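Engineer: In our numbering, the protein residues as written are 1301 to 1907.
Where is the CB? At the ideal position from N, CA and C, for every residue including glycine.
Note that this is a predicted model, so its numbers are computed, not measured.
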């Protein structure tokens, strides 16, 4: 599909359609020279640029190593701080809200990820990735030398801006350097670093804190910046147009960027993330502040949609969201959001339950974002803290294995829709006792766990859910990319790549509220309203061992939490079935084998 046909469909009315089309036609007619320079400026968007198949194995390995390292730095920053917050707070002698040390990084990574794709089109993916790496390092250095909480949070906010590009731009680079059939396998290699980061992050952070060198939690990644930069500059050298012409083309593209759309999208996500992190914990959900944030998010989102209809280079091209032939893009964004809704609310970063027991003096502050409900459930029913954290390993390990299998199948057969649908069938089967998906949701496998459940049963159910989750994560990105015009590949990749963080925030917030409210209601019937005032799920383990309320019937506490756990699982089972129903509407696609001849013909069919 041509640039003209793609963007001209963004307008909702016929007049706007013709106006946009005329504008793009005029632009294309008058700026052929600029477009030629753009191809030289941004060779990774050019189909003729060498792919991995045309490179030596050593060069491919270097590129993958650098991109994997960048993604690892992004991932470990999500976990390394959590087990060191108490030490950091004591060292800075602060009485402020320590939760902002972690929330600040989550905030900026979530809100800036969606715009990295369009920025990459303007300045070049490699160039922007290098810039993002140094922004990330700068933020961590500021955090590492900070003298107070304000400086530390400011550093974390800056590092989050850089971190937003580390994963998404690495994904974009791999997407441009591979054909569709190879893409999933290469992306899977990069994304396997998340399992490693989840495993070692809390341990490394706790180790730094215990040795009295907490500042190295932020400073340790500084040496990796030059390493990644040098590798990218050497392995992806560009001998295109002169530097002066390149920067002239960059200025031309920057002027055309959708700054209004970027600002309104960032504002929308900021309001949502902050509201979900504060609601039900620091502030009641019905408080004017939380309600006001959600209202502001709705207003800014409406402004964003309006801006996208008129932008020359929209952050989220509306035709990709409203035209039936491009339905895979919005469907995959929603389904991936729901997939990570499951992961964050149940298992991800559950290794945080291991590190505080290895370093018992490091107890993170109470906040719902650290309450991952599978290990918490296991502790409540009597599993030791270390075993509770370790029992999440089968879920994540199976997810990594099944992701590798699914991408291999896609590579060998060229078909991705069926493996993806299979993953979405397995996930609700992991939550539904019978393989008949019409069975009552309350009979979910995970929801049948109680204080009498054996370790084997728990591990078995986790393996089923992990298999379903892993099959669908990385292959879903490839489905969204298939058949896209090359000039929209970066934009769509960034939008799809940003959905996990948002899904995770929603999952922890919504499931946390459901489980917390259900537990409180059940427990109130046993001990009375006054005893449960201000009670949250962080207190549950203490209640079970008699630390929080001596004399309370521990069996009643366990029963109340098991009831709350089952309620949360039923909600997740319903969402799993909804994912499957949505995915049934995906357009069947077949992966390109690397021959570009068919792409132009396929685009013409869509015109």
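With residue 1408 as the anchor, note down where its alpha helix (DSSP H) starts and where it stops.
Structural biologist: Stepping through the chain shown from its first residue, residue 1408 is reached at position 108. Where residue 1408 is concerned, the enclosing alpha helix (DSSP H) stretches over 1400 to 1412.
Engineer: For residue 1447, decide whether its Cβ has a neighbour in chain B, counting only Cβ atoms nearer than 9 Å.
Structural biologist: Structure shown: chain B not included; a single protein chain is present.
Engineer: Taking residue 1405 as the reference, which of 1887, 1801 and 1869 has the closest Cα?
Structural biologist: Looking up residue 1405 in the chain shown gives position 105. Of the candidates 1887, 1801 and 1869, the one whose C-alpha sits nearest the C-alpha of residue 1405 is 1801.
Engineer: On the DSSP bridge assignment, give the partners of residue 1455 in chain order.
Structural biologist: Within the chain shown, residue 1455 is the residue found at index 155, counting from 1. None, per the DSSP bridge assignment.
Engineer: Mind checking which residues open and close the alpha helix (DSSP H) that includes residue 1390?
Structural biologist: Against the chain shown, residue 1390 aligns to sequence position 90. Annotation for residue 1390: the continuous alpha helix (DSSP H) segment containing it runs 1385 to 1392.
Engineer: What's the call for residue 1555, buried or exposed, on a 16-neighbour Cβ count within 10 Å?
Structural biologist: To locate residue 1555, count along the chain shown from 1; it is residue 255. Here residue 1555 is exposed. Its C-beta has fewer than 16 other C-beta atoms within 10 Å.
Engineer: Taking the alpha-carbon positions, what's the residue 1579 to residue 1866 distance?
Structural biologist: The residue given as residue 1579 occupies position 279 in the chain shown. The residue given as residue 1866 occupies position 566 in the chain shown. A straight line joining the alpha-carbon of residue 1579 with that of residue 1866 spans about 23 Å.
Engineer: Which residues does DSSP list as the beta-bridge partners of residue 1476?
Structural biologist: Taking the first residue of the chain shown as position 1, residue 1476 is located at position 176. In DSSP, residue 1476 forms no bridge with anything.
Engineer: What did DSSP end up calling residue 1578 once you bin it into helix, strand or coil?
Structural biologist: On the chain shown, residue 1578 is found 278 positions in, with the first residue counted as 1. Residue 1578: helix per DSSP, three-state reduction.
Engineer: Among the residues of its own chain, which have a CB less than 7 Å from the CB of residue 1408, if the five just before and after it don't count?
Structural biologist: Here residue 1408 refers to the residue found at position 108 of the chain shown. Same-chain partners within the cutoff: 1457, 1460, 1461 and 1464.
Engineer: Tell me the DSSP secondary structure of residue 1613 in three-state form.
Structural biologist: Position 313 of the chain shown, counted from the first residue, corresponds to residue 1613. Of the three classes helix, strand and coil, the one that applies to residue 1613 here is strand, per DSSP.
Engineer: Quick test of your reading: residue 1497 and residue 1372, contact by CB under 8 Å. State the CB separation rounded to the nearest angstrom.
Structural biologist: Here residue 1497 refers to the residue found at position 197 of the chain shown. Here residue 1372 refers to the residue found at position 72 of the chain shown. With 8 Å as the limit, residue 1497 and residue 1372 qualify as a contact, their Cβ atoms being about 6 Å apart.
Engineer: Pick from 1416, 1510 and 1861: whose alpha carbon is nearest that of residue 1822?
Structural biologist: For this step, residue 1822 is matched to residue 522 along the chain shown. Nearest option by C-alpha distance: 1861.
Engineer: Are there three or more Cβ pairs, one per stretch, closer than 8 Å when the stretch 1561 to 1573 is compared with the stretch 1430 to 1447?
Structural biologist: The stretch 1430 to 1447 and the stretch 1561 to 1573 do not touch, with fewer than three beta-carbon pairs separated by less than 8 Å.
Engineer: Span of the alpha helix (DSSP H) holding residue 1593?
Structural biologist: Within the chain shown, numbered from 1, the residue matching residue 1593 stands at position 293. First-last of the alpha helix (DSSP H) with residue 1593: 1588 to 1608.
Engineer: Keeping to the same chain, check which residues put their C-beta closer than 6 Å to that of residue 1790; ignore five residues upstream and five downstream.
Structural biologist: What you label residue 1790 is simply residue 490 of the chain shown in a count that begins at 1. Cβ neighbours of residue 1790 beyond the five flanking positions: 1417, 1420, 1421 and 1472.
Engineer: In the DSSP assignment, the alpha helix (DSSP H) including residue 1623 goes from what residue to what residue?
Structural biologist: As a working mapping, residue 1623 is identified with position 323 in the chain shown. Run containing residue 1623: none; DSSP gives neither H nor E here.
Engineer: Residue 1511: buried (16+ other C-beta within 10 angstroms of its C-beta) or exposed?
Structural biologist: The sequence position of residue 1511 within the chain shown is 211, counting from 1. Classification for residue 1511: exposed.
Engineer: Comparing C-alpha positions only, which one of 1557, 1437, 1855 and 1424 sits nearest to residue 1533?
Structural biologist: As a first step, residue 1533 must be located in the chain shown, where it is residue number 233. When each option's Cα is compared against that of residue 1533, the closest is 1424.
Engineer: What are the boundary residues of the alpha helix (DSSP H) that residue 1426 is part of?
Structural biologist: Along the chain shown, one-based indexing puts residue 1426 at 126. Residue 1426 -> alpha helix (DSSP H) spans 1425 to 1444.
Engineer: Roughly how many whole angstroms lie between the Cα atoms of residue 1360 and residue 1707?
Structural biologist: Along the chain shown, read from residue 1 onward, the residue named residue 1360 stands at position 60. Along the chain shown, read from residue 1 onward, the residue named residue 1707 stands at position 407. Residue 1360 and residue 1707: Cα-Cα distance of roughly 19 Å.
Engineer: With the cut-off set at 9 Å, would you say residue 1388 and residue 1487 are in Cβ contact?
Structural biologist: Counted from its first residue, the chain shown places residue 1388 at position 88. Counted from its first residue, the chain shown places residue 1487 at position 187. For residue 1388 and residue 1487, no; Cβs fall outside 9 Å.
Engineer: For residue 1890, which residues does DSSP report across the bridge?
Structural biologist: Against the chain shown, residue 1890 aligns to sequence position 590. Bridge partners of residue 1890 according to DSSP: 1715.
Engineer: For residue 1772 versus residue 1639, is the C-beta distance shorter than 9 Å?
Structural biologist: What you label residue 1772 is simply residue 472 of the chain shown in a count that begins at 1. What you label residue 1639 is simply residue 339 of the chain shown in a count that begins at 1. Against a cut-off of 9 Å, the Cβ pair of residue 1639 and residue 1772 comes out as a contact.
Engineer: From the DSSP output, which residues share a beta bridge with residue 1489?
Structural biologist: Here residue 1489 refers to the residue found at position 189 when the chain shown is read from its first residue. DSSP lists no partner for residue 1489.
Engineer: What does a CB cutoff of less than 6 Å around residue 1575 pick up in its chain, not counting 5 residues either side in sequence?
Structural biologist: Along the chain shown, one-based indexing puts residue 1575 at 275. So the qualifying residues of the chain are 1590, 1593 and 1594.
Engineer: Quick one: residues in its chain with C-beta nearer than 8 Å to the C-beta of residue 1627, no 5 flanking neighbours on either side, listed in chain order?
Structural biologist: Here residue 1627 refers to the residue found at position 327 when the chain shown is read from its first residue. Excluding residues within five positions, the ones whose Cβ falls inside 8 Å are 1885, 1886 and 1887.
Engineer: State the beta-bridge partners of residue 1557 as determined by DSSP.
Structural biologist: Locating residue 1557 in the chain shown gives position 257, counting from the first residue. According to DSSP, which records beta bridges pairwise, residue 1557 is partnered with 1613.
Engineer: Would you kindly work out how many angstroms separate the C-alpha atoms of residue 1787 and residue 1477, rounded to a whole number?
Structural biologist: Within the chain shown, numbered from 1, the residue matching residue 1787 stands at position 487. Within the chain shown, numbered from 1, the residue matching residue 1477 stands at position 177. So the alpha carbons of these two residues sit roughly 14 Å apart.
Engineer: In angstroms with no decimal places, state the Cα-to-Cα distance between residue 1796 and residue 1632.
Structural biologist: The count along the chain shown starts at 1 and reaches residue 1796 at position 496. The count along the chain shown starts at 1 and reaches residue 1632 at position 332. Cα-Cα distance, rounded: 7 Å.
Engineer: Quick one, are the C-beta atoms of residue 1767 and residue 1701 less than 9 Å apart?
Structural biologist: Here residue 1767 corresponds to residue number 467 of the chain shown, with the count starting at 1. Here residue 1701 corresponds to residue number 401 of the chain shown, with the count starting at 1. Yes, the pair counts as a contact, with Cβ atoms nearer than the cut-off.
Engineer: What number of angstroms, rounded off, separates the C-alpha of residue 1891 from the C-alpha of residue 1785?
Structural biologist: Taking the chain shown and counting its residues from 1, the one referred to as residue 1891 is at position 591. Taking the chain shown and counting its residues from 1, the one referred to as residue 1785 is at position 485. Computed Cα separation, rounded: 14 Å.
Engineer: Just the Cα atoms here: how many angstroms apart are residue 1803 and residue 1855?
Structural biologist: In the chain shown, residue 1803 corresponds to position 503, counting from 1. In the chain shown, residue 1855 corresponds to position 555, counting from 1. If you take the alpha carbons of residue 1803 and residue 1855, they lie about 34 Å apart.
Engineer: Check whether the Cβ atoms of residue 1634 and residue 1799 lie closer than 9 Å to each other.
Structural biologist: Against the chain shown, residue 1634 aligns to sequence position 334. Against the chain shown, residue 1799 aligns to sequence position 499. Contact: yes.
Engineer: Could you tell me whether the Cβ atoms of residue 1565 and residue 1415 are closer together than 9 Å?
Structural biologist: Translated into positions along the chain shown, residue 1565 becomes position 265. Translated into positions along the chain shown, residue 1415 becomes position 115. The answer is yes: Cβ separation under 9 Å.
Engineer: From residue 1598 to residue 1557, what distance separates their C-alpha atoms?
Structural biologist: Indexing the chain shown from 1 puts residue 1598 at position 298. Indexing the chain shown from 1 puts residue 1557 at position 257. In this structure, the alpha-carbon of residue 1598 lies about 23 Å from that of residue 1557.
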